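Count along the sequence shown from 1, add 1265, and you get the number used in my numbering.
Just so you know, even glycine gets a beta-carbon here, dropped at the ideal spot from N, CA and C.
Please read these numbers as outputs of a predicted model, since none were measured by experiment.
Here the structure is laid out as structure tokens; the discussion comes afterwards.
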Amino acid sequence: MKTYNKIALSALGVIVFLLAWEAVARSGVVPARLLPSPSAVPAAFLSEFKSGTWQAMVLASLSHYLVGLSLGTFLGVSFGTAAALWGKWDAFQAWVVRMLRPIPAIAWIPFAIIWFGVSEGAASFLIALTVFWINYYASYAAVRGVDKDLIELGYAFGQGGLIPRLFKIILPGALPGILSGLRAGLGQGWMTVVAAELFGISGLGMRMMEASGLLATHIVVLYMVTIALLYGVSDFLFMQVQSRVLSWQR
């Protein structure tokens, strides 16, 4: 299917979804305070934007999102790559990973508050924790999946040292898988932003909780849409970068 046909079908799907939502909201089957119509969102945006609340919440969430994303990505890729390369290190930390991995980031909220207080540091910690595991496993699998024949070929051409082998053979070979982990982390990080802000940290999640407490569901939907758009923009930009980085594969 051609690219413009896919775009047209995707746009059509969104339009049909919004029209169906609008129809249900206007039908009165569900009270408007429980299910606001999409047409109520633009007015909510103008109100929040004029007061400066929308900009403040977006900037607040972006600040700890970017810190947590960067930290979690760096540590996840580093630890995942190290575990895949060195068998002894892999064995040493294997059961620690198995014990910690099933614990969701939200379960660390009490410790985040104790360690960092109700601050952006706590939110960044929770986001980094979520992103870390995604990148850890993606990098581990990608590095372990590098063709062993390429590594042997590198030895044959004098690239057997750790640094040359890592940067000339292993990381380029594992890059598609590592980038897939980075992309998944982008979305998961935004999901964690909301959870991290529910206990009073300024941002999109906190504003959603305030609005829900007042049954201002049109405000809640506005910030849900905001999160979706922020993720959409970040994902689009990442895909542009990824296509350039992996242009050598074409």
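Asked, Found
"Coil, strand or helix - F1464 by DSSP", "coil"
"Whole-angstrom distance between Q1358 and L1334, CA atom to CA atom", "23 Å"
"Where I1435 falls, given that 16 or more other Cβ within 10 Å makes a residue buried", "buried"
"DSSP three-state assignment for W1351, whether helix, strand or coil", "coil"
"Close-in-space but distant-in-sequence residues of the same chain around L1463 (CB under 8 Å, 5 per side omitted)", "G1470, M1471, M1474"
"Outcome for N1400 when other beta-carbon atoms lying within 10 angstroms are tallied against a minimum of 16", "buried"
"I1368 (DSSP reduced to helix, strand or coil)", "coil"
"G1454 classed as buried or exposed, judged by whether at least 16 other C-beta atoms fall within 10 angstroms", "buried"
"Under 9 Å between C-beta atoms of A1407 and G1446", "yes"
"Between the CA atoms of A1461 and L1331 - distance to the nearest angstrom", "14 Å"
"Cβ pair L1487, F1339 closer than 9 Å", "no"
"DSSP-derived helix/strand/coil call for A1359", "helix"
"Secondary structure of S1316, DSSP reduced to three states", "helix"
"Close-in-space but distant-in-sequence residues of the same chain around S1389 (CB under 6 Å, 5 per side omitted)", "H1329, V1332, G1333"
"Sub-9 Å separation of G1584 and S1404 beta-carbons", "Residue 1584 lies beyond the range of the chain shown here (1266 to 1515); nothing can be said about it."
"Cα-Cα separation between A1308 and F1314, rounded to whole angstroms", "10 Å"
"Whole-number beta carbon distance between A1372 and F1381, since they are thought to touch under 8 Å", "Not quite, the Cβ-Cβ distance comes to about 16 Å (not below 8 Å), so this is no contact."
"L1299 - DSSP class collapsed to helix/strand/coil", "coil"
"Nearest-angstrom Cβ-Cβ length linking I1368 and L1391, presumed shorter than 8 Å", "That belief does not hold up - the Cβ atoms of I1368 and L1391 are roughly 12 Å apart, past 8 Å."
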